[in-house]
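Working notes for the structure below.
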Amino acid sequence: MNTILKIMEEMMMVPVVVLEDAKDAEKLADALVKGGLPCAEVTFRTEAAEESIRIMAGKYPDMLVGAGTVFTTEQVDRAVAAGARFIVSPGFDPEIVDYCIEKNIPVIPGAVAPTDVTKIAKRGLPVVKFFPAEQFGGVSTIKALSAPFPMLKFMPTGGVSMKNLKDYLSFDKIICCGGSWMVKGDLIKAGEFDKIADMTREAVELAKSIRG
Numbered sequence: 081m082n083t084i085l086k087i088m089e090e091m092m093m094v095p096v097v098v099l100e101d102a103k104d105a106e107k108l109a110d111a112l113v114k115g116g117l118p119c120a121e122v123t124f125r126t127e128a129a130e131e132s133i134r135i136m137a138g139k140y141p142d143m144l145v146g147a148g149t150v151f152t153t154e155q156v157d158r159a160v161a162a163g164a165r166f167i168v169s170p171g172f173d174p175e176i177v178d179y180c181i182e183k184n185i186p187v188i189p190g191a192v193a194p195t196d197v198t199k200i201a202k203r204g205l206p207v208v209k210f211f212p213a214e215q216f217g218g219v220s221t222i223k224a225l226s227a228p229f230p231m232l233k234f235m236p237t238g239g240v241s242m243k244n245l246k247d248y249l250s251f252d253k254i255i256c257c258g259g260s261w262m263v264k265g266d267l268i269k270a271g272e273f274d275k276i277a278d279m280t281r282e283a284v285e286l287a288k289s290i291r292g
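In my numbering, the protein residues as written are 81 to 292.
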């Protein structure tokens with residue numbers, strides 16, 4: 081877990097990917113690597129997720145590939161078998177969290193309220209996915225939650241963009257930001273992977289200017 085989190089902290093951002101067709105997985109991975117961000121949270125929102133993870137992890141073994149929007153332990157097993165190195169869920173699901181802990185699989189569950197954050201902290205997990213970030217108060221809410229939970233760091237996702245990235249990354253309790261602005265579905269469908277690489281590079285440059 082600590083190794084995965086260290087990589088995430090160094091990258092500062094995790095692209096949240098929705099792939100409708102696994103044939104786009106390799107080109108997208110290539111674009112992210114060229115853009116200087118060899119990382120992806122591939123969401124289980126589509127049937128292509130499992131195969132996309134397998135392709136990305138297979139073609140780019142040094143890339144940090146994980147699975148997001150995971151709702152069942154069966155999806156956890158499929159994702160890990162395909163090559164996912166971490167699991168992310170949009171909310172706190174004790175079945176998934178406890179299963180991952182038992183199997184020693186890095187897991188980042190979601191929460192926006194003290195009740196669920198408490199449950200995550202009591203399980204000894206170091207990072208909470210704060211989702212949807214902007215809709216639940218953004219950085220100000222994360223700062224408020226950090227006061228009673230100083231042992232935790234947060235991964236805000238949802239509404240994060242180039243416009244507010246500085247606000248998030250400037251707070252030291254944020255390990256990294258999840259975002260989809262550089263990997264939007266319409267860009268993938270249009271095959272604009274050069275543009276994705278350029279947008280990723282711009283995001284990386286901005287993040288480095290914020291955290292050095």
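The C-beta atom is built at its ideal place from N, Cα and C for all residues, glycine as well.
### Message
Let's test the definition: count the other Cβ atoms within 10 Å of the Cβ of residue 191 and tell me whether it reaches 16, buried, or not, exposed.
### Response
In the sequence shown, counting from the first residue as 1, residue 191 sits at position 111. Label assigned to residue 191: buried.
Endpoints, beta strand (DSSP E) assigned at residue 236: Here residue 236 refers to the residue found at position 156 when the sequence shown is read from its first residue. Residue 236 -> beta strand (DSSP E) spans 233-236.
- Message: Suppose the cutoff is 7 angstroms on Cβ atoms and the five residues either side in sequence are ignored; what does the same chain contact list for residue 131 look like?
- Response: Residue 131 sits at position 51 when you count from the first residue of the sequence shown. 102.
Three-state secondary structure (DSSP) of residue 152:
Residue mapping note: residue 152 aligns to position 72 of the sequence shown, counting from 1. Coil, per DSSP.
Exercise for the section: Please state if the CB of residue 167 and the CB of residue 145 are separated by a distance shorter than 8 angstroms. Expected result: The sequence position of residue 145 within the sequence shown is 65, counting from 1. The sequence position of residue 167 within the sequence shown is 87, counting from 1. In this structure, residue 167 does not lie closer than 8 angstroms to residue 145 by Cβ.
*Which of helix, strand or coil does DSSP assign to residue 249?*
For this step, residue 249 is matched to residue 169 along the sequence shown. Helix at residue 249.
Chain-order list of residues whose beta-carbon lies under 7 angstroms from that of residue 238 (same chain, five-residue window excluded): Stepping through the sequence shown from its first residue, residue 238 is reached at position 158. Once the five neighbours on either side are set aside, the close Cβ partners of residue 238 are 211, 212, 213, 214, 215.
| said: Applying the 10 Å Cβ sphere with the 16-neighbour rule, what's the burial state of residue 137? | reply: The residue you call residue 137 lines up with position 57 of the sequence shown. Burial call: buried.
Task: Validate contact between the stretch 110-130 and the stretch 91-99 using beta carbons, cut 8 angstroms, 3 pairs - done: yes
**OP:** Please list, in chain order, all residues of the same chain as residue 81 whose beta carbon is under 6 angstroms from its beta carbon, the five residues on each side excluded.
**Re:** Within the sequence shown, residue 81 is the residue found at index 1, counting from 1. Answer for residue 81: 186, listed in chain order.
Can you find the residues in the same chain that come closer than 7 angstroms, C-beta to C-beta, to residue 256, ignoring five residues on each side of it along the sequence? For this step, residue 256 is matched to residue 176 along the sequence shown. Counting only Cβ-Cβ distances below 7 angstroms, and skipping sequence neighbours, we find 88, 89, 91, 92, 93, 94, 235.
**Rounded distance between the beta-carbons of residue 225 and residue 194, thought under 8 angstroms** = The residue given as residue 194 occupies position 114 in the sequence shown. The residue given as residue 225 occupies position 145 in the sequence shown. With 8 angstroms as the limit, residue 194 and residue 225 qualify as a contact, their Cβ atoms being about 7 angstroms apart.
### Task
Give the DSSP-derived three-state secondary structure of residue 269 in the structure shown.
In the sequence shown, counting from the first residue as 1, residue 269 sits at position 189. Three-state DSSP puts residue 269 in a helix.
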